[in-house]
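*Asks:* So in the UniProt record's numbering, the last spot in the sequence shown is 415, and the numbers never skip.
All C-beta atoms, glycine included, are put in the ideal place defined by N, C-alpha and C.
In this text, all values refer to a predicted model and were calculated from it rather than measured experimentally.
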Amino acid sequence: MPALDLRRKLAILSDAAKYDASCASSGAAGRDSSKSKGIGSTEGSGICHAYAPDGRCISLLKILLTNFCIYDCVYCINRSSSNVERARFSVDEVVALTMNFYRRNYIEGLFLSSGIIRNSDYTMEEMVRIARKLRLEENFSGYIHLKTIPDASPALLEEAGLFADRLSVNIEMPTDVTLSALAPEKDARDIRRSMGHLRAKIEEHKSEKRDRAKPKRFSAGGQSTQMIVGADASNDDDVLGRSENLYGNYRLSRVYYSAFSPIPDSSSRLPLAKPPLMREHRLYQADWLMRFYGFQRAEIVAGGEGGMLDLAIDPKLAWALKNREHFPIDVNRADREMLLRVPGLGTRAVKRILSTRRHRTLRLDDIARLCQSIDKVRPFIMAVDWSPGGLTDREGLRDSFVPKAKRAGGQLELF
Numbered sequence: 001m002p003a004l005d006l007r008r009k010l011a012i013l014s015d016a017a018k019y020d021a022s023c024a025s026s027g028a029a030g031r032d033s034s035k036s037k038g039i040g041s042t043e044g045s046g047i048c049h050a051y052a053p054d055g056r057c058i059s060l061l062k063i064l065l066t067n068f069c070i071y072d073c074v075y076c077i078n079r080s081s082s083n084v085e086r087a088r089f090s091v092d093e094v095v096a097l098t099m100n101f102y103r104r105n106y107i108e109g110l111f112l113s114s115g116i117i118r119n120s121d122y123t124m125e126e127m128v129r130i131a132r133k134l135r136l137e138e139n140f141s142g143y144i145h146l147k148t149i150p151d152a153s154p155a156l157l158e159e160a161g162l163f164a165d166r167l168s169v170n171i172e173m174p175t176d177v178t179l180s181a182l183a184p185e186k187d188a189r190d191i192r193r194s195m196g197h198l199r200a201k202i203e204e205h206k207s208e209k210r211d212r213a214k215p216k217r218f219s220a221g222g223q224s225t226q227m228i229v230g231a232d233a234s235n236d237d238d239v240l241g242r243s244e245n246l247y248g249n250y251r252l253s254r255v256y257y258s259a260f261s262p263i264p265d266s267s268s269r270l271p272l273a274k275p276p277l278m279r280e281h282r283l284y285q286a287d288w289l290m291r292f293y294g295f296q297r298a299e300i301v302a303g304g305e306g307g308m309l310d311l312a313i314d315p316k317l318a319w320a321l322k323n324r325e326h327f328p329i330d331v332n333r334a335d336r337e338m339l340l341r342v343p344g345l346g347t348r349a350v351k352r353i354l355s356t357r358r359h360r361t362l363r364l365d366d367i368a369r370l371c372q373s374i375d376k377v378r379p380f381i382m383a384v385d386w387s388p389g390g391l392t393d394r395e396g397l398r399d400s401f402v403p404k405a406k407r408a409g410g411q412l413e414l415f
């Protein structure tokens with residue numbers, strides 16, 4: 001195989017990294033970054049935008065160490081039997097790229113994943129060497145996210161956590177059965193074992209803060225994972241059930257959902273078409289409801305049909321329409337938990353409502369100033385000067401929230 005120059009390696013390995021959603025901003029149209037040369041394009045250089053654990057939007061160098069892989073996961077573009085062009089960075093090349101991009105103010109951090117070369121420990125050791133060299137030799141203080149190898153040794157995972165701001169272990173599929181069928185070299189027990197070990201180490205280092213002034217940092221942003229959606233027959237209830245388990249048992253900071261994208265020369269076991277992008281979007285909304293709004297998974301899924309979320313309307317609105325007996329609620333008296341269930345009211349709006357009503361009685365105009373869409377809120381609330389009357393129970397209320405393109409059979413986009 002002819003030697004590749006650094007620019008070509010960067011094009012190949014940044015494009016290969018685009019399938020990992022763990023630092024992606026979803027909703028944008030897909031582009032082949034190896035061919036992207038337009039004005040303002042950063043894709044060919046592997047730069048993506050992501051959100052740091054503290055909520056800041058940051059630019060990251062998002063690359064694979066290599067797209068060579070000894071595994072043959074059916075759904076993966078970089079599987080061992082794939083005909084894709086292969087490349088591999090050295091440790092020093094990744095360090096140099098990161099520092100050069102950082103000094104030019106192109107990026108604020110590094111997201112690093114990899115195919116498996118030789119074995120899990122060898123690959124993980126290479127990734128740890130990169131993070132260690134950046135921190136200790138280059139004095140790099142930017143953000144580092146390492147995608148860990150599930151069955152790598154605990155010692156390597158622990159060392160990775162000392163240098164990375166966030167670690168992630170991909171759960172890959174919604175069920176163990178599907179993972180075994182589509183990725184036979186991977187074991188769901190190894191993945192859960194790694195997650196459990198990382199949880200224990202993260203909690204151990206958090207507790208040390210009470211014991212000494214400057215504890216060693218260990219994956220301060222916690223751990224995350226990614227699930228592929230639409231590569232198997234799992235419904236949204238299965239997907240959210242897996243997420244519910246991961247949040248509860250392993251204290252994950254985030255579960256990312258990645259809509260399956262058909263790959264060249266794929267197996268007949270995979271679907272020919274990708275799932276609607278809106279399905280991924282609805283899963284993120286449902287995930288948010290479980291984490292920040294006090295909803296149970298069963299409540300959310302019940303808003304749709306057959307274990308699937310309603311693609312036409314958001315899951316909170318779907319729940320409210322199927323539970324109209326709880327509405328309308330009085331915004332001047334309802335508790336926080338019930339206010340969070342009102343369609344159109346987010347956590348910030350609810351916080352401002354609770355704060356404002358301590359000083360004066362709220363009118364409909366006040367609520368309109370505090371939320372983004374009073375049209376969505378209006379049927380579900382009462383204020384001192386407003387009552388929805390029969391609007392809450394109106395038969396065609398759902399249709400009024402469905403975009404016209406969707407009602408006409410057109411494609412519903414995210415924006």
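I'd like to know if the region 309-320 and the region 358-365 are in contact, where contact means that at least 3 CB-CB pairs between them fall below 8 Å.
*Replies:* Judged by pairs of C-beta atoms under 8 Å, the region 309-320 does not touch the region 358-365, as fewer than three such pairs exist.
*Asks:* Enumerate in chain order the residues of its own chain whose CB-to-CB distance from residue 501 is below 7 Å, with the five nearest sequence positions on each side excluded.
*Replies:* In the structure as shown, the chain starts at 1 and stops at 415, and residue 501 therefore has no counterpart that could be examined.
*Asks:* Tell me the residue span of the beta strand (DSSP E) that contains Thr225.
*Replies:* 223-229
*Asks:* What are the boundary residues of the beta strand (DSSP E) that Gly109 is part of?
*Replies:* 109-113
*Asks:* With a 10 Å radius around its C-beta and 16 neighbouring C-beta atoms as the bar for buried, classify Cys57 as buried or exposed.
*Replies:* exposed
*Asks:* Output the boundary residues of the alpha helix (DSSP H) element that contains Lys186.
*Replies:* Careful: Lys186 lies outside any alpha helix (DSSP H) and carries neither H nor E.
*Asks:* Rounding to the nearest angstrom, what Cα-Cα distance links Leu10 and Glu305 in this structure?
*Replies:* 44 Å
*Asks:* Can you give me the C-alpha to C-alpha distance between Thr356 and Ser387, rounded to a whole angstrom?
*Replies:* 20 Å
*Asks:* Which residue spans inside the region 339-407 form an unbroken beta strand (DSSP E) run of at least 3?
*Replies:* none
*Asks:* Could you check whether Tyr122 and Ser59 sit closer than 9 Å to each other, using their CB atoms as the reference points?
*Replies:* no
*Asks:* For Ala259, does the three-state DSSP call read helix, strand or coil?
*Replies:* strand
*Asks:* I think Pro315 touches Thr392, with their Cβ atoms under 8 Å apart; what is that distance to the nearest whole Å?
*Replies:* Actually they are not in contact, since the Cβ atoms of Pro315 and Thr392 sit about 19 Å apart, beyond 8 Å.
*Asks:* Closer than 8 Å by C-beta to Met290: which residues in its own chain qualify, once you throw out the five before and the five after it? Chain order, please.
*Replies:* So the list reads Leu240, Ser243, Glu244, Tyr247, Gln296, Arg297, Ile300, once near-sequence residues are dropped.
*Asks:* So, Ala259 versus Ile228, is the Cβ gap smaller than 9 Å?
*Replies:* yes
*Asks:* Short of 7 Å in beta carbon distance, which residues of its chain neighbour Arg336, apart from the five on each side in sequence? Order them along the chain.
*Replies:* Excluding positions up to five away in sequence, the list reads Val350, Leu354.
*Asks:* Let's see if you can read the secondary structure: which residues bound the beta strand (DSSP E) around Ser59?
*Replies:* 57-64
*Asks:* In the DSSP assignment, what residue or residues form a beta bridge with Leu167?
*Replies:* Leu146, Gln223
*Asks:* Which value, in whole angstroms, describes the spacing of the CA atoms of Leu339 and Tyr256?
*Replies:* 27 Å
*Asks:* For Thr42 and Arg118, I'd like the C-alpha separation in whole angstroms.
*Replies:* Note that Thr42 scores a pLDDT of 45, beneath 50, so its modelled location is shaky and nothing firm can be said.
*Asks:* Let me know if Gly196 comes out buried or exposed under the rule of 16 or more other beta-carbons within 10 Å of its beta-carbon.
*Replies:* exposed
*Asks:* To the nearest angstrom, how far is it from the Cα of Leu397 to the Cα of Leu317?
*Replies:* 11 Å
*Asks:* Quick check on Ala87: does DSSP put it in helix, strand or coil?
*Replies:* coil
*Asks:* Is Met308 helix, strand or coil by DSSP?
*Replies:* strand
*Asks:* Evaluate Pro264 with the Cβ neighbour count: other Cβ atoms within 10 Å of its Cβ, from every protein chain shown; 16 or more gives buried, anything less gives exposed.
*Replies:* exposed
*Asks:* Do you know offhand how far Ala16's Cα is from Gly390's?
*Replies:* 54 Å
*Asks:* Using the three-state DSSP reduction, which class does Arg254 fall into: helix, strand or coil?
*Replies:* It is a strand residue.
*Asks:* If you draw a straight line from the alpha carbon of Asp399 to that of Arg192, how long is it in whole angstroms?
*Replies:* Straight through space, the alpha carbons of Arg192 and Asp399 are spaced by roughly 43 Å.
*Asks:* If we call anything under 9 Å between Cβ atoms a contact, is Tyr75 one with Ser234?
*Replies:* no
*Asks:* Please check the pair Ile171 and Glu85, which I expect to be a contact at CB under 8 Å, by giving their CB distance rounded to whole angstroms.
*Replies:* Going by Cβ atoms, the distance from Ile171 to Glu85 rounds to 28 Å, so no, they are not a contact pair.
*Asks:* In terms of residue numbering, what span does the alpha helix (DSSP H) encompassing Ser14 cover?
*Replies:* 6-16
*Asks:* Give the C-beta separation of Arg282 and Gly230 to the nearest angstrom, bearing in mind that I take them to be a contact with Cβ-Cβ under 8 Å.
*Replies:* Rounded, the Cβ-Cβ distance is 12 Å, inconsistent with contact.
*Asks:* Taking the CB atoms as reference points, tell me whether Gly194 and Ala220 lie closer together than 9 Å.
*Replies:* The residue you asked about is not Gly; residue 194 is Ser in the sequence shown. No, these two residues do not count as a Cβ contact at 9 Å.
*Asks:* If you follow the alpha helix (DSSP H) that Pro315 is part of, which residue opens it and which one closes it?
*Replies:* 315-322
*Asks:* Please state if the CB of Thr98 and the CB of Leu65 are separated by a distance shorter than 9 Å.
*Replies:* No, the Cβ-Cβ distance between Leu65 and Thr98 is not below 9 Å.
*Asks:* Can you name the residues that DSSP bridges to Ala50?
*Replies:* Ile58
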